[in-house]
Amino acid sequence: MKVIVMGSGVVGVTTAYCLLKDGHEVTVVERHDGAADETSFANAGLVAPGHAYTWASPKAPKILLKSLWRNDQALRFRLRLDPALWAWSLKFLGNCRSDRVAVNTARKVRLSLYSQDMLHRVVEDTGVAFDGAKGGLLYLYRSPAAFDAGVAKMRILTDNGLPLEVVDRDRAAAIDPALSATKDRIVGGIYAPSDESGDARLFTRNLADWCAERGVRFLYGTTIRGVETAAGEVTGLVTDKGTLTADAYVLAMGCQSAALAKPLGLSLPIYPIKGYSVTVPVAGRNNTPRIGGVDEENLVAYAPMGDRLRITATADFAGYDKRHSPADFHAMLAAARDLFPDAADYSRPSYWAGLRPMTPEGTPIFGRGRQRNLFLNTGHGHMGWTMSCGSARITADLIAGRTPAIPLDGMQAVH
1 MKVIVMGSGV
11 VGVTTAYCLL
21 KDGHEVTVVE
31 RHDGAADETS
41 FANAGLVAPG
51 HAYTWASPKA
61 PKILLKSLWR
71 NDQALRFRLR
81 LDPALWAWSL
91 KFLGNCRSDR
101 VAVNTARKVR
111 LSLYSQDMLH
121 RVVEDTGVAF
131 DGAKGGLLYL
141 YRSPAAFDAG
151 VAKMRILTDN
161 GLPLEVVDRD
171 RAAAIDPALS
181 ATKDRIVGGI
191 YAPSDESGDA
201 RLFTRNLADW
211 CAERGVRFLY
221 GTTIRGVETA
231 AGEVTGLVTD
241 KGTLTADAYV
251 LAMGCQSAAL
261 AKPLGLSLPI
271 YPIKGYSVTV
281 PVAGRNNTPR
291 IGGVDEENLV
301 AYAPMGDRLR
311 ITATADFAGY
321 DKRHSPADFH
331 AMLAAARDLF
341 PDAADYSRPS
351 YWAGLRPMTP
361 EGTPIFGRGR
371 QRNLFLNTGH
381 GHMGWTMSCG
391 SARITADLIA
401 GRTPAIPLDG
411 MQAVH
């Protein structure tokens, strides 16, 4: 079967890999000049089932409200005359109830654990390098109240099979000696020994090269203009370089997916939520974190990546605006330096901002579109790297008519 995958982020390329392994003839269409040049470019790098909590929570409305006059909130709502933002935000608020949080988080952690297993299989099969770091992740708390709240909510993860260990500051410093000099700034943490980290862009680019060497065709610098349909099927993909045809089509375009799907009669509840990252070199430093983690009260994530340290934070409800200034990174850099003052050369930052394709539930969208040969694999939000390999296998299974290994309740497109 000929299959076209739209998008070459980590989700699109892992999908191409799984389809290749199933024996299909695969073409990947990408408007950028290379793979992983959009959301996957400089994301947090955490493969983190231990951080699979949904963003929509009972606390989220208050945080978003405060962000209207305070710029230091982890979630920031930007007032805009954008009907799509308001419609999406109402759905997001509807998922902030405790019962919805439990359901959505359980779905996210199940998919994340399955996907992590698939990631290991992909790496074993291909040998792709991506500056991976195993040994777990640490979720750190600075105040007793926040620590107690973090421990209280972790049961939803452990009930779904994720091993977690509650640790005090001394145990946290023993796990990662980079915290030894600053452990008094935390009260403790939650250690997820099976979580890990790595460079999603490096992984995606190396996997794309591996796939290309085995016959997958990558059409970079090719912009999709529209989709042709007839008799309930997609009949062609219209691009700026001509029309492409296949037997099946996969929509894996992240934040661009909703716009492409709308003329096809499909309303995808995906909205771009901007995140910020800064990457700093670690050369000449002696106290770089051994493993990644999250400073939970600041919602600042960090991950060692070979000769670099990646730091990420903030979720801006701000539309398709990727602009940023050095001031946007001051708070996250201050938090990182407070915990790891000698981890990196903070005077040489590389700034980036990207758009996460978020659904109100925080879970991705799978299944068929209105056309029987159009398949969806999109809307992974802040967990695209964690969920990519499992989502790719699910999509390949659906195309083949197989039942996926995990239930897809609440994660299939509604027509």
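Residue numbers for the sequence shown follow full-length UniProt numbering, beginning at 1 and rising by one.
A virtual CB, placed ideally from N, CA and C, is assigned to each residue, including glycine.
| Check | Outcome |
| --- | --- |
| Measuring CB to CB, does serine 277 end up less than 9 Å from alanine 334? | no |
| From the DSSP output, read off the bridge partner residues of aspartate 168. | Gly188 |
| So, are the CB atoms of glycine 369 and phenylalanine 375 less than 9 Å apart? | yes |
| If alanine 248 and isoleucine 399 are in contact, beta carbons under 8 Å, what's the gap, nearest whole angstrom? | 6 Å |
| Rounded to whole angstroms, how far is the Cβ of glycine 136 from the Cβ of arginine 310, which I believe are closer than 8 Å? | That pair is no contact at about 17 Å. |
| In the DSSP assignment, find the alpha helix (DSSP H) that holds lysine 274 and state where it starts and stops. | Note, lysine 274: premise wrong, no alpha helix (DSSP H); beta strand (DSSP E) at 271 to 281. |
| What separation, rounded to the nearest whole angstrom, lies between the Cα atoms of lysine 183 and alanine 129? | 32 Å |
| If contact is defined by three or more beta carbon pairs under 8 Å, each pair taking one atom from either stretch, is the stretch 186 to 205 in contact with the stretch 292 to 306? | yes |
| So, helix, strand or coil for valine 300, using DSSP? | strand |
| Count the other CB atoms within 10 Å of the CB of alanine 173; is the residue buried (16 or more) or exposed (fewer)? | buried |
| Apply the 10 Å Cβ neighbour rule to serine 267 and answer buried if 16 or more other Cβ atoms are within range, or exposed otherwise. | exposed |
| Identify the residues that DSSP records as bridge partners of lysine 2: which are they? | Glu25 |
| What are the uninterrupted segments assigned as alpha helix (DSSP H) that are 4 or more residues long and contained completely in the stretch 102 to 159, given in chain order? | 144 to 153 and 155 to 158 |
| Quick one: using the 10 Å Cβ neighbour count with 16 as the cut-off for buried, is serine 98 buried or exposed? | exposed |
| From leucine 162 to glycine 50, what does the alpha carbon distance come to, in whole angstroms? | 7 Å |
| What residue ranges within the stretch 221 to 273 form continuous beta strand (DSSP E) runs of no fewer than 3 residues, ordered along the chain? | 224 to 230, 233 to 239, 242 to 244 and 248 to 251 |
| Judging by CA-CA distance, which residue of Leu219, Tyr191 and Gly306 is the nearest neighbour of aspartate 199? | Gly306 |
| Shortest alpha-carbon distance to threonine 222 belongs to which of Ser391, Arg308, Val29 and Val13? | Val29 |
| Just tell me which of Gly362, Arg217, Asp125 and Glu213 has its CA closest to the CA of glutamate 25. | Arg217 |
| Less than 9 Å separating the beta-carbons of leucine 264 and glutamine 371? | yes |
| So does the stretch 96 to 113 actually touch the stretch 78 to 86, counting three or more Cβ pairs closer than 8 Å? | no |
| Going by other Cβ atoms of all chains shown within 10 Å of its Cβ, with 16 needed for buried, is glutamate 361 buried or exposed? | buried |
| Hey, out of Thr378, Arg107, Cys389 and Lys153, whose CA is closest to proline 269's CA? | Thr378 |
| What are the boundary residues of the alpha helix (DSSP H) that includes isoleucine 399? | 384 to 400 |
| Compute the Euclidean distance between the alpha carbons of methionine 253 and alanine 36, then round it to the nearest angstrom. | 11 Å |
| Ends of the beta strand (DSSP E) at threonine 314? | 308 to 317 |
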